[in-house]
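First up is the structure itself, then whatever we jot down about it.
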Amino acid sequence: MDELERARSEVRLTAQALAASWEEITLLYSIGEILGRTVQLEDAAGTILTEISDTVGADLGAIYVLDAPRGLLVPIAARGVAPKSIDAIPIDDMATIAARVFAQATPRIYDPEAAPSPCEVPVRRGQALGVPITWGTPKGSVGLGVVTLSAPRFDRTFTAGDLKLVAAIASQIGTAIQITRLVRASVEQERLEHEMQLAHELQMRLLPAPGVVAPDASCAARVEPARSVGGDFYHLFRLGGGRVGVLIGDVSSHGYQAALIMAHTMSAMAIHAQKGDDPATTVAALLSTIADDLTETDMFLALFYAVVDPAAGEIRWVNAGQPGTFVMSGDGTMHRLPATDPPLGMTSAAPHQSARAWNKQTDTLVLFTDGVCDARDIEGRTLGEAKVLEVVKARRKERPERIVDGVFALLEGHMGSVAPPDDQALLVLRT
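Shown next as structure tokens:
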């Protein structure tokens with residue numbers, strides 16, 4: 002009879018163990034489904050915490066997620082109280098179970114404390130259980146948050162089995178947090194890419210069509226930003242009497258700030274260039290307009306501005322640190338237009354100007370930024386100024402558009418699949 006009772010007792014215990022295991026398996030499957038249906042953990046956290054609490058028999062609990070910039074464990078779900086009634090917990094507040102579990106990255110059961118930390122009073126009564134939420138990486142686990150449970154029902158106590166079950170669920174939550182962050186990062190990246198594309202389109206629209214100087218001159222130009230928006234640009238002006246103003250510039254960076262400096266420079270030059278045909282006076286007025294912008298952004302502006310006067314047979318220019326500036330004679334001889342000043346923003350001194358003869362029948366103005374000659378191939382070799390000028394010289398009898406096309410074909414062949422490290426701008430003009 003004793004053996005029969007023992008057998009019955011073992012059957013009951015086995016049945017209870019199987020029932021408990023089945024309940025745990027069902028819970029894990031249920032939570033997996035919940036997490037699989039949402040990319041917003043906050044939407045599912047309350048349901049998950051309810052499922053966990055009901056299974057292990059806890060009346061109080063919370064799920065905290067790390068807010069790394071602020072160094073806080075922020076509650077996103079609570080059991081027994083409203084989440085808004087719980088304070089965020091500093092990760093260095095070792096008086097709290099949540100911070101201790103997060104720091105130690107180890108699941109633990111805590112005996113009742115006479116006076117729990119004020120931060121945890123709403124979700125703490127009697128025995129407590131804490132489990133870290135982590136995400137595994139090749140370099141080790143990364144802490145993402147904590148699950149805490151308290152106030153076990155019916156005078157029971159939390160067990161090692163409860164701890165193991167909650168740890169398994171916390172692992173699922175960790176995966177969900179990481180997926181949520183990746184999705185949000187992807188959405189943010191798409192938004193930024195869209196905004197950058199819009200900014201690129203706006204920037205390209207700011208650049209004038211080369212035909213704006215017709216019939217006084219024939220011109221072709223192209224700008225290729227290293228990123229969606231950049232700091233290389235050009236501008237063109239008809240100044241009356243057949244004179245043409247030509248500007249090319251290179252802000253000492255690229256991205257949003259460089260694009261803003263570029264836009265401000267172009268709008269200011271559109272005003273100052275029409276007030277006179279003296280390059281030094283025009284560039285001095287520009288510098289007074291953009292000096293604060295350059296100082297505040299810690300940038301400088303390499304700039305070349307010339308006034309071509311075919312009737313007078315002269316070209317006058319200010320060259321503030323722009324390297325690729327040439328007049329090509331009809332026979333292909335290249336005459337460099339040397340720098341007159343350092344880049345704008347490096348000094349507050351008034352700009353200087355130079356002049357040389359201009360043959361309206363045969364001369365060609367060739368301007369390019371350093372991103373053109375500094376372009377690198379897959380082995381890191383720069384293209385160099387000489388090769389650029391060779392293409393220009395070889396096409397000297399062709400239209401400006403064909404010269405520009407030839408230089409950019411050279412660039413593409415040289416760089417191959419290598420992304421340009423700097424913006425590239427080229428302008429060719431004849432009168």
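Heads up, the sequence shown stops at 432 in this note's numbering, and the numbers go up one at a time, no gaps. All residues carry an ideal CB built from backbone N, CA and C; glycine is no exception.
Under the three-state DSSP convention, the category residue i falls into
i, result
"GLY385", "coil"
"THR283", "helix"
"GLN425", "strand"
"ALA259", "helix"
"ALA271", "helix"
"ILE35", "At ILE35 the pLDDT is 49, less than 50, meaning the model places this residue with poor confidence; the figure from the coordinates comes in the next sentence. ILE35: helix per DSSP, three-state reduction."
"LEU295", "helix"
"GLU189", "helix"
"PRO401", "helix"
"ARG206", "helix"
"ASP94", "coil"
"ALA410", "helix"
"ALA264", "helix"
"VAL435", "In the structure as shown, the chain starts at 2 and stops at 432, and residue 435 therefore has no counterpart that could be examined."
"ALA395", "helix"
"VAL40", "Confidence at VAL40 is low in this model, with a pLDDT of 46, below 50, so its placement is unreliable and no value can be given for it."
"ALA21", "Because the pLDDT of ALA21 is 45, which lies under 50, any placement of that residue in the model is unreliable, and the number read from its coordinates should be weighed accordingly. Here ALA21 sits in helix by DSSP."
Among the options, the one whose alpha carbon lies nearest that of residue i
i, options, result
"GLY162", "ALA89, GLY58, PRO211 and ALA264", "GLY58"
"THR383", "VAL389, ASP375 and LEU390", "ASP375"
"ASP68", "LEU50, ILE92 and GLU315", "ILE92"
"ARG206", "GLN179, GLN190, HIS236 and GLY314", "HIS236"
"THR266", "ASP278, VAL429 and GLY232", "GLY232"
"ARG71", "ILE90, GLY81 and ARG80", "ILE90"
"THR51", "ALA79, VAL75, VAL66 and TYR65", "ALA79"
"GLY435", "ARG182, ASP60, LEU73 and VAL75", "What the structure shows of the chain is the stretch from 2 to 432, and residue 435 is not part of that stretch, so it cannot be assessed."
"VAL309", "PRO343, GLY243 and GLY331", "GLY243"
"VAL429", "VAL405, GLY131, ALA100 and ALA356", "VAL405"
"HIS415", "ALA307, GLY385, ALA264 and THR135", "GLY385"
"ASP484", "VAL252, ILE178, TRP359 and THR282", "Because the chain in this structure spans residues 2 to 432, residue 484 falls outside the shown range and cannot be described."
"PRO401", "GLN179, SER219 and VAL167", "SER219"
"ALA45", "THR107, LYS85 and ILE178", "ILE178"
"ALA269", "ALA260, ILE249, ILE291 and PRO280", "ILE291"
"GLU297", "TYR111, ALA259 and TYR65", "ALA259"
"ASP112", "ALA106, ALA129, GLN105 and ARG101", "ALA129"
"LEU366", "LYS276, GLY246, SER254 and ALA312", "GLY246"
"ALA313", "ASP278, PHE409, ILE49 and GLY47", "ASP278"
"PHE409", "LEU427, PRO211 and ALA420", "LEU427"
"ARG157", "THR56, ALA303 and GLU191", "THR56"
"LEU411", "ALA215, GLN425, LYS140 and VAL389", "VAL389"
"GLU114", "ALA83, VAL102, THR97 and PHE103", "THR97"
"GLU391", "ASP378, PRO344, PRO343 and GLY407", "GLY407"
"GLU413", "SER118, GLU225, MET347 and PRO216", "GLU225"
"PHE301", "MET347, ASP88 and ALA104", "MET347"
"LEU248", "ALA274, ILE262 and ALA420", "ALA274"
"ASP293", "SER86, LYS276 and LEU345", "LEU345"
"VAL419", "ALA271, GLY381 and SER86", "GLY381"
"LEU304", "GLU191, MET329, LEU338 and THR334", "LEU338"
Residues bridged to residue i [DSSP beta-bridge criterion]
i, result
"SER1", "What the structure shows of the chain is the stretch from 2 to 432, and residue 1 is not part of that stretch, so it cannot be assessed."
"MET329", "MET335 and THR365"
"ASP233", "ASP251"
"GLY246", "PHE238 and VAL308"
"GLU1", "Within the shown structure, residues of the chain are numbered from 2 to 432, placing residue 1 beyond reach of any answer."
"VAL444", "As shown, the chain starts at 2 and ends at 432. That puts residue 444 outside it, with no answer to give."
"ALA350", "For ALA350, which the question treats as bridged, DSSP gives no partner whatsoever."
"ASP342", "ALA321"
"ALA303", "ASP251"
Test: residue i CB closer than 8 angstroms to a CB of chain B
i, result
"PHE301", "Structure shown: chain B not included; a single protein chain is present."
Subject >> 3-residue-minimum beta strand (DSSP E) runs that sit fully inside the stretch 97-183, ordered along the chain >> reply: 109-111, 129-138 and 141-153
Original post:
If you scan the stretch 355-383 from start to end, which runs of the beta strand (DSSP E) of 3 or more residues do you find wholly inside it?
Top reply: 355-358 and 365-369
Subject >> Every unbroken beta strand (DSSP E) inside the stretch 46-87 [3 residues or more] >> reply: 59-68 and 73-80
Original post:
Does the count of Cβ pairs from the stretch 113-123 and the stretch 170-188 closer than 8 angstroms reach three?
Top reply: no
Original post:
Between the stretch 280-289 and the stretch 323-331, do at least 3 Cβ pairs fall closer than 8 angstroms?
Top reply: no
Original post:
How about the stretch 184-191 and the stretch 136-151: do they share at least three Cβ pairs that are nearer than 8 angstroms?
Top reply: no
Original post:
Touch check for the stretch 388-399 and the stretch 342-353: three-plus C-beta pairs under 8 angstroms?
Top reply: no
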